[in-house]
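Number of protein chains: 2
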Amino acid sequence: MTTSDKKSRILCVEDDAQMRAFLLAQLKARGYYVQAVRDGAHAIDLAAIFEPDLVLLDLSLPTLDGLSFLRRLREWSRSPVIILSAHDEEPVKVKALDQGADDYLTKPFSLNELLARVRVALRRAEETERLLNSAGKEAQRPIYRCGGEDGLVVDFAHRSVRAAGQEVHLTPTEYDLLCELARNAGKVLTHRELLQRVWGPDYQAENTYLRTFVRHLRRKLEPDPAQPRFLHNELGVGYFVPPPDAPEL
Amino acid sequence: MTTSDKKSRILCVEDDAQMRAFLLAQLKARGYYVQAVRDGAHAIDLAAIFEPDLVLLDLSLPTLDGLSFLRRLREWSRSPVIILSAHDEEPVKVKALDQGADDYLTKPFSLNELLARVRVALRRAEETERLLNSAGKEAQRPIYRCGGEDGLVVDFAHRSVRAAGQEVHLTPTEYDLLCELARNAGKVLTHRELLQRVWGPDYQAENTYLRTFVRHLRRKLEPDPAQPRFLHNELGVGYFVPPPDAPEL
DNA sequence: GCATATTCACGCAAATTTCACACATTACAC
DNA sequence: GTGTAATGTGTGAAATTTGCGTGAATATGC
Chain D
29 MTTSDKKSRI
39 LCVEDDAQMR
49 AFLLAQLKAR
59 GYYVQAVRDG
69 AHAIDLAAIF
79 EPDLVLLDLS
89 LPTLDGLSFL
99 RRLREWSRSP
109 VIILSAHDEE
119 PVKVKALDQG
129 ADDYLTKPFS
139 LNELLARVRV
149 ALRRAEETER
159 LLNSAGKEAQ
169 RPIYRCGGED
179 GLVVDFAHRS
189 VRAAGQEVHL
199 TPTEYDLLCE
209 LARNAGKVLT
219 HRELLQRVWG
229 PDYQAENTYL
239 RTFVRHLRRK
249 LEPDPAQPRF
259 LHNELGVGYF
269 VPPPDAPEL
Chain C
29 MTTSDKKSRI
39 LCVEDDAQMR
49 AFLLAQLKAR
59 GYYVQAVRDG
69 AHAIDLAAIF
79 EPDLVLLDLS
89 LPTLDGLSFL
99 RRLREWSRSP
109 VIILSAHDEE
119 PVKVKALDQG
129 ADDYLTKPFS
139 LNELLARVRV
149 ALRRAEETER
159 LLNSAGKEAQ
169 RPIYRCGGED
179 GLVVDFAHRS
189 VRAAGQEVHL
199 TPTEYDLLCE
209 LARNAGKVLT
219 HRELLQRVWG
229 PDYQAENTYL
239 RTFVRHLRRK
249 LEPDPAQPRF
259 LHNELGVGYF
269 VPPPDAPEL
């Protein structure tokens with residue numbers, strides 16, 4: 029085994045107590061550092077503190093279901109997620125995978141296969157980690173800030189947005205769109221890219237959606253929506269937001 | 029009209045002719061750039077030339093079986109690999125995953141699930157690509173630079189152009205034309221070539237378009253449009269831009 | 001019923017296409 | 001050499017098409 033000596037951290041989000049105990053035991057026996065939690069709401073808090081290298085996620089959860097948890101997590105974390113579900117329906121799988129899951133196993137599953145897929149996910153994550161470190165790392169900032177004190181601030185972890193110092197409420201789709209732009213600040217994202225990432229792969233031609241939501245965002249964020257400071261259009265190509273302010277020292 | 033969303037490249041290694049044709053058709057219909065090949069020995073050669081972003085791999089192949097191909101590929105490539113196999117035995121799955129495969133689907137599989145898992149793999153790969161670019165700074169970002177500090181700079185990744193230190197706005201067609209020239213800097217591109225690549229194969233005779241857009245570009249980029257420094261004409265042949273500056277040491 | 005998402009149609013601005021013509025360069029004749 | 005046609009190139013400005021912002025109407029879900 030040529031892996032680093034540091035234990036990989038696995039967060040296990042599972043409703044069923046028996047299954048939870050089983051996974052906990054098996055994973056710990058393989059030398060992983062495991063935390064288990066029962067419902068989605070707690071899982072979000074725990075994920076922020078624990079910073080897992082991998083998440084095992086049951087889809088049917090109390091308080092906050094698996095897919096919602098996944099979406100929340102993906103707003104600020106790229107940790108791989110393996111879904112463990114009792115449902116074998118194709119549309120559910122496709123949806124989960126498109127919303128950011130890395131793998132999907134149907135219960136009952138083979139323990140050895142699960143372990144193999146865990147190794148795959150951790151192997152990938154470790155690879156990108158190594159690439160980043162060798163290239164001169166720059167961790168993704170958990171906050172986008174632009175335009176100084178009375179400018180625009182997006183806090184990915186808290187899912188909150190401030191404009192001109194005021195907290196602004198955004199609907200889920202509005203927030204997702206803004207996130208996508210803010211995470212690629214300074215780069216023009218094409219209509220296709222935005223539609224695919226926010227609405228999914230079947231909506232790549234629905235330019236009307238984009239226009240509508242861009243308008244909503246501008247109404248809520250821009251001092252003067254007719255002359256955008258943050259949400260710029262590149263005619264015939266797509267949209268972009270300015271690169272973030274240089275962090276002060 | 030050319031919308032330059034670069035297609036993802038998929039290599040499909042599959043024994044069965046019918047399945048191969050099916051995958052080829054379905055993937056092409058989704059806008060991927062696909063190459064298909066019948067056996068493992070040829071697949072290795074093709075992978076080296078084609079440089080796929082993703083490999084779909086059948087396990088049972090003539091001349092060189094799937095797992096051997098996978099091991100050979102992994103000696104020099106990190107491209108994600110999805111196994112498509114008729115075998116559902118757990119030990120085979122585990123072995124394939126541990127030898128470097130990223131996913132494993134058992135035939136018969138649902139097309140939509142395969143497509144979703146293809147998207148997952150490509151999404152991951154693209155993410156690490158993006159992280160590398162932002163971390164490695166401009167070192168590996170493709171850029172055309174010519175004429176020193178107050179010269180011409182084209183940043184292909186950000187779709188931005190600077191001339192004489194000033195950011196310049198280009199329309200889609202203007203940008204596409206400049207890109208085509210900058211990508212082949214130092215080489216004269218004929219009228220036909222340029223028209224074909226920017227406007228499409230039906231416009232090879234529309235020399236007026238070229239003249240108009242060359243003029244627009246010169247107005248925006250050249251200090252003195254009447255005496256071009258960057259956008260030169262080869263009388264009776266076509267246009268070209270000078271070779272890029274030698275990278276400083 | 002309220003908040004959110006989807007869909008539609010119109011006016012305006014930007015980008016592309018099209019046109020008429022001026023200016024160069026080459027080729028050939030004388 | 002000079003003159004002249006032929007071809008190719010640069011120019012300005014119209015006509016046309018396309019894309020975006022907008023308000024508002026209609027679904028959908030809690």
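Residue numbers (our numbering), protein chains in the order written: chain D, 29 to 277; chain C, 29 to 277. Ideal Cβ positions, reconstructed from N, Cα and C, are used throughout, including at glycine.
At a C-beta separation below 7 Å, ALA144(D) has these neighbours in chain C: LYS121, VAL122, LEU125, ASP126. Taking C-alpha positions only, PRO90(C) is separated from GLU118(C) by approximately 23 Å. Within the DSSP secondary-structure output, GLU262(D) pairs in a beta bridge with GLY266(D). Closest by C-alpha distance to ASN140(C), out of PRO229(D), PRO256(D), ASP43(D), is PRO229(D). Excluding the 5 residues flanking it on each side, GLU42(C) has same chain C-beta neighbours closer than 6 Å at ARG48, ASP86, in chain order. The segment 209 to 217 of chain C makes contact with the segment 170 to 185 of chain C; the number of CB pairs closer than 8 Å reaches 3 or more. An exposed status is given to TRP104(C), since fewer than 16 other beta-carbon atoms sit within 10 Å of its beta-carbon. When the alpha-carbon of PRO251(D) is set against those of ARG220(D), ARG190(D), LEU84(D), THR240(D), the nearest one is in ARG190(D). The three-state secondary structure of GLU195(D), taken from DSSP, is strand. Per DSSP, the continuous alpha helix (DSSP H) segment holding GLN224(C) begins and ends at 219 to 227.
Nearest to LYS135(C) by alpha-carbon distance, out of VAL181(C), ALA153(C), ASP44(C), ARG239(C), is ASP44(C). Beta-bridge annotation (DSSP): TYR172(C) is paired with VAL182(C). In this structure, the beta-carbon distance from LEU223(C) to LEU238(C) falls below 8 Å.
Residues PHE268 of the same chain have their beta carbon placed closer than 6 Å to that of HIS260(D), with the five preceding and five following residues left out of the count.
Chain-order list of chain C residues neighbouring VAL148(D): LEU125, ASP130, by C-beta distance under 7 Å. GLY59(C) is classed as exposed because its beta carbon has fewer than 16 other beta carbons within 10 Å across all chains shown. In this structure, ASP93(D) sits away from GLY128(D), with a CB-CB distance that is not shorter than 8 Å. Look at LEU89(D) here: in three-state DSSP terms it is coil, with no helix or strand label. Within the same chain, and ignoring the five residues on either side of ARG37(C) in sequence, the residues whose Cβ sits closer than 6 Å to its Cβ are TYR61, PRO80, ASP81.
For the segment 173 to 192 of chain C, the residues whose beta carbon sits under 9 Å from a beta carbon of chain D are, in order, ALA185, HIS186, ARG187, SER188. Looking from the CA of VAL122(D), the closest CA among ARG102(C), ALA144(C), VAL122(C) belongs to ALA144(C). Look at ARG158(D) here: in three-state DSSP terms it is helix. LEU217(D) is classed as buried because its beta carbon has at least 16 other beta carbons within 10 Å across all chains shown. Within a 10 Å sphere around the beta-carbon of VAL148(C) sit 16 or more other beta-carbons, which makes this residue buried. DSSP places ARG37(C) inside the beta strand (DSSP E), whose first and last residues are 37 to 41.
From the beta-carbon of LYS135(D), no residue of chain C is found nearer than 7 Å; the closest lies around 15 Å away.
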